[in-house]
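Reviewing the structure listed below.
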Amino acid sequence: MKKAILLLLTLVISFSVTAQEESSWWIFGDGAGVEFNPNPQNRSSDPAVLTSGYDTDEGVASISDEMGNLLFFTDGSTVWNRNGVAMPNGTGLDGNFSSTQSAIVIKAPETAGVYFVATVGAGNTSPLSYSRIEMALNGGLGDVVPGVKNVTLLAACAEKVAATIQTGTNNAYIMTFGRSNATSVSTGSGDNNALFAWEVRGIAGPNVSFVLPAPIAQSANGGLPYFSTPLAATNGDRGMLRVSPDGTKLAIGTQNLTNQGLFLYDFNPGNGQFSGAGLQLDNGPVYGVEFSASSQYLYHDLSSNYSPTGGSNKRLVQYDLCDQANIVSSRNEFADVPESRGTLQLGRDGEIYVARFDQTFLGRIENSETATPTYNTMAVDISPGVGKQGLPVFVQSSFASSFTVNDQCQGDATEFILACLPQVAASNWDFGDGNTLMVTGPGVVTNTYATAGTYTVSVNVTNVSGDVRDFTQDITIYENGIVDPVDVTLLDYCDDDNSGDEVVDLSQFTLDVLGAQDSATFNISYYANSVDADAGQNPLPLNYNATLGSNTIWVRIENNTSPINDGCSAIGSFVLTVSSVPTVSNIPDYEICDDASQDGIEDFDLASFLPTIATQAGDPVDVDYTIHESQADADMNMGAIDTTVPYTNTTSPQVLYVRLQNINDIDCFGTAPFNLVVLGAPTLGTVANIEVCDDAPLDGSSDFTLSDQDATVANGSAGTVTYHSTQADADSGAAALPNVYTVSGSETIYARFVNDVGCAGTTSLTLLYKQLLP
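With mature numbering (1 follows the signal peptide of the UniProt record, and there is no 0) applied, the sequence shown corresponds to residues -19 to -1, 1 to 755, in that order.
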């Protein structure tokens, strides 16, 4: 097996660092696109889904400005501006939409609004070229500069291009893989067996001269296998070339029937030198390749079938690069799914996204900075767009993370975890807030920040081999927020239709919860319990069905600029009370009997009638009763009658209105009418004079059964008849005579009739005593 030839070439071009904001917009696939939040620390949600109206099978690149606004995108052959319109001179570039990595965009550091697009065609015979784009052209929409279009760097190469930043400068290295005997004017011959790197330097001024020196051969202590046959345009040329975010590793994925796999090299981002033995990590068909943000883990896919409709599965594999001696043995195959090959691309949220052919979802390798990653096949819905095999590629340095930070919330213990932690012998930390810490051995370190803000954290790390490295990283600490009290007047609700629940708009409490806090910074959500609120899961719908009684609502205020895994937040609660509408119907008439005046006017004891109303209503709890002379007064709760004193009616019958007021909610009440009725005296029958004869023994008296006259007195009405010796006794119902009454002489007695509603009347009857003749 022959060793690959590693070549370094120097090119004077104005290239620079691509910041994370510039990787905000991804345009890819068939009308698909996503936008990551332009705040570099904002990992609070999946990227927003866009529709690009653009179609490419594989390679694609896009670039945004420092604020995260889309500038342009390309498939390697056409450059479209931010409006999706091809730039006037933006067609006919040397790239190809069917190239694995058809293009990469690098920003010029010393000339604002200047970018370079490096392009790679399909197969093994297309060149690596670059074109210059100036955003000031075409009315600020940008255009490819005439005369600086398709400038050839290498006459032929594989479908691979990558870039990283030179240590300590704004210079960059652009890399590809091709034939060792190829030049800028010759495609060379033989198989792809060489890595190429160009140093790209910045020169001030808008007019830049481009010089391509002769190739400088490097001595490689190893290399890729020298393929025994030329790579076919449909396999061996394909697969990704990746440089780690820290610039120290280079990985190549290849697909070929006999010589294929994943190969790993060392790279020095300070001088552009390749080294290492070309460690072969896998011998399967590798297409997608990506490093984690910390550069500790390397990922790739394996797909035995290149046809998207072939039905083969795609496997995802992880390697831990910390222990150089055990990289191969760290192989972790963690997913096997029915998918075709696709690009793996690190996102600015620190996770790795996976292109899924002909699918409306992006996949995502989650927990990519751990030894236990997982694959979410439906991570981001990109419909109506459809994914293909490619995702935009960027200058990898923009994603570099020297250490992982967990819990970036004010007042919490913020964790700092170095990459390759088991290899750490000692670390010396400066947390940027005046606190420092020296740690011996590996371990997670913490610091609690009292104030929200941005801090520059630096650490000096010594590994177990004695190597010393310095890392610096800016982190942002976020406010947790405060749950302000809710206005108590908003907390009581009435079940208007007595259905057992009431729809409450929870969003009306948001302003109270926020108080003086910025609604653009904090999100408010509502939950059924504290566990869900604390976890931020299972939020209640804003149109919430509150049930009768007390409903405890938990509220979560979360800083929407904080990382999603931190969720800088606070929780609190308030109680909604839903009361039923008290109702009553068919209240019986309140009837009393007229007095002797028989004028239909009487005094009513309304307080004594309230229990009757309550019983008719079902004796509801938490209800007050008031009585009103009109429906309007009852509805408005005005002019309540004083029930502590007798109420004198004005007509008979007279309608009054009762208001049943739920004491928990002033708006929760019911009303109903009832009648006051003054009943007149009953109409009694006329009793004729009754002759009573003295029977034996003739003693001057005779017994008379008074009840024999009841029917006549009652005159057909139901009620009770009593008899009295005086009118006064009859009127009062006092001193009723016995039923068997002894008559000793003619006399007048008085009958009292009380009907079944309690009204009484009196009449008189004369008993004529007669003695039988001897």
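All C-beta atoms, glycine included, are put in the ideal place defined by N, C-alpha and C.
These numbers come from a predicted model, not from an experiment.
1. Please classify S321: does DSSP put it in a helix, a strand, or coil?
2. Pick from C401, I647 and T457: whose alpha carbon is nearest that of S446?
3. What number of angstroms, rounded off, separates the C-alpha of D499 from the C-alpha of S506?
4. Which one or two residues does DSSP pair with Q454 in a beta bridge?
5. Is the stretch 661 to 671 close to the stretch 634 to 650, with three or more CB pairs under 8 Å?
6. D465 and V485 - do their beta-carbons sit closer together than 8 Å?
7. Rounded to whole angstroms, how far is the Cβ of G434 from the Cβ of I538, which I believe are closer than 8 Å?
8. In three-state DSSP terms, what is S713?
9. Does DSSP put D362 in a helix, in a strand, or in coil?
10. Measuring straight from C-alpha to C-alpha, what distance separates Y278 and T353?
11. Once DSSP output is grouped into helix, strand and coil, what is the label at F490?
12. Can you list, in chain order, the residues of its chain with a C-beta nearer than 6 Å to that of D124? Leave out the 5 residues immediately preceding and following it.
13. Out of curiosity, what's the CA-to-CA distance linking Y280 and V298?
14. If S45 and L52 are in contact, beta carbons under 8 Å, what's the gap, nearest whole angstrom?
15. Run through DSSP, which three-state label would G183 get?
16. Are there 16 or more other CB atoms within 10 angstroms of the CB of L749, so buried, or fewer, so exposed?
17. Out of F650, T632, P627 and I458, which one is the CA nearest neighbour of D614?
18. Might you give, ordered along the chain, the residues of its own chain that have their beta carbon closer than 7 Å to the beta carbon of T686, omitting 5 neighbours on each side?
19. Using CA atoms only, rank isn't needed, just tell me which of S43, T432 and C475 is closest to Q326.
20. Please name the residue in T37, V658 and V438 whose C-alpha comes closest to that of T629.
21. Going by the DSSP bridge assignment, what does S506 pair with across the sheet?
22. Tell me whether the beta-carbon of A136 lies closer than 8 Å to the beta-carbon of I87.
23. Thinking C-alpha only, which one of S349, G323, D468 and F244 is nearest F338?
24. Apart from the five residues on each side of it in sequence, which residues of its chain come closer than 8 Å, Cβ to Cβ, to T558?
25. From this set, N348, A732 and N736, which residue's C-alpha is nearest T744's C-alpha?
26. Going by DSSP, which residues form a beta bridge with I730?
27. For the stretch 76 to 86 against the stretch 99 to 114, do three or more pairs of beta-carbon atoms, one drawn from each stretch, fall closer than 8 Å, so that the two count as touching?
28. In the DSSP output, what is S112 paired with across the bridge?
29. Would you be able to state if there are at least three C-beta pairs under 8 Å between the stretch 382 to 400 and the stretch 438 to 458?
30. How many angstroms separate the CA atom of V425 from the CA atom of N444?
31. Evaluate P196 with the Cβ neighbour count: other Cβ atoms within 10 Å of its Cβ, from every protein chain shown; 16 or more gives buried, anything less gives exposed.
32. Note the first and the last residue of the continuous beta strand (DSSP E) segment covering F53.
33. If you count every other CB in all the chains shown that lies within 10 Å of the CB of Q340, and 16 or more means buried, which is it?
In short:
1. In the structure shown, S321 falls within a coil segment according to DSSP collapsed to helix, strand and coil.
2. Here the closest residue by C-alpha is C401.
3. Looking at the two C-alpha atoms, the distance is approximately 15 Å.
4. Q454 is bridged to V438.
5. No, because fewer than three Cβ pairs between the stretch 661 to 671 and the stretch 634 to 650 fall closer than 8 Å, the two stretches do not touch.
6. Inclusion of V485 and D465 in the CB contact set at 8 Å is not warranted, their separation being larger than that value.
7. G434 to I538, Cβ: 19 Å. No contact.
8. Looking at S713 - three-state DSSP - the assignment turns out to be helix.
9. Here D362 sits in strand by DSSP.
10. Cα-Cα distance, rounded: 11 Å.
11. Here F490 sits in helix by DSSP.
12. Once the five neighbours on either side are set aside, the close Cβ partners of D124 are M68, P69, N70 and L118.
13. Taking the straight line joining both Cα atoms gives about 6 Å.
14. Taking the Cβ atoms as the reference, S45 lies roughly 6 Å from L52, within the contact range of under 8 Å.
15. Confidence in G183 is poor, its pLDDT being 47 and thus under 50, which makes the residue's placement too unreliable to answer from.
16. Within 10 angstroms of the beta-carbon of L749 lie fewer than 16 other beta-carbons, which makes it exposed.
17. Check the Cα spacing between D614 and each of F650, T632, P627 and I458: the tightest is with F650.
18. Same-chain partners within the cutoff: N720 and V721.
19. The shortest Cα separation from Q326 among S43, T432 and C475 belongs to S43.
20. It is V658.
21. Looking at the DSSP assignment, S506 forms a beta bridge with R537.
22. The beta carbons of A136 and I87 sit no closer together than 8 Å.
23. The residue with the shortest Cα to Cα distance from F338 is G323.
24. L472, D473, Y474, G530, S531, N532, N645 and D646, listed in sequence order.
25. Of N348, A732 and N736, the residue nearest in Cα terms is A732.
26. I730 is bridged to L746.
27. Taking 8 Å as the limit for Cβ pairs, the verdict is that the stretch 99 to 114 does touch the stretch 76 to 86.
28. The partner list for S112 (beta bridge, DSSP) reads V98.
29. Cβ pair count under 8 Å is three or more, so yes.
30. Taking the straight line joining both Cα atoms gives about 15 Å.
31. With a pLDDT of 32 at P196, under the threshold of 50, the modelled position of that residue is not reliable, and no figure is offered here.
32. Annotation: the continuous beta strand (DSSP E) that includes F53 extends over L51 to T55.
33. Buried, by the Cβ-count rule.
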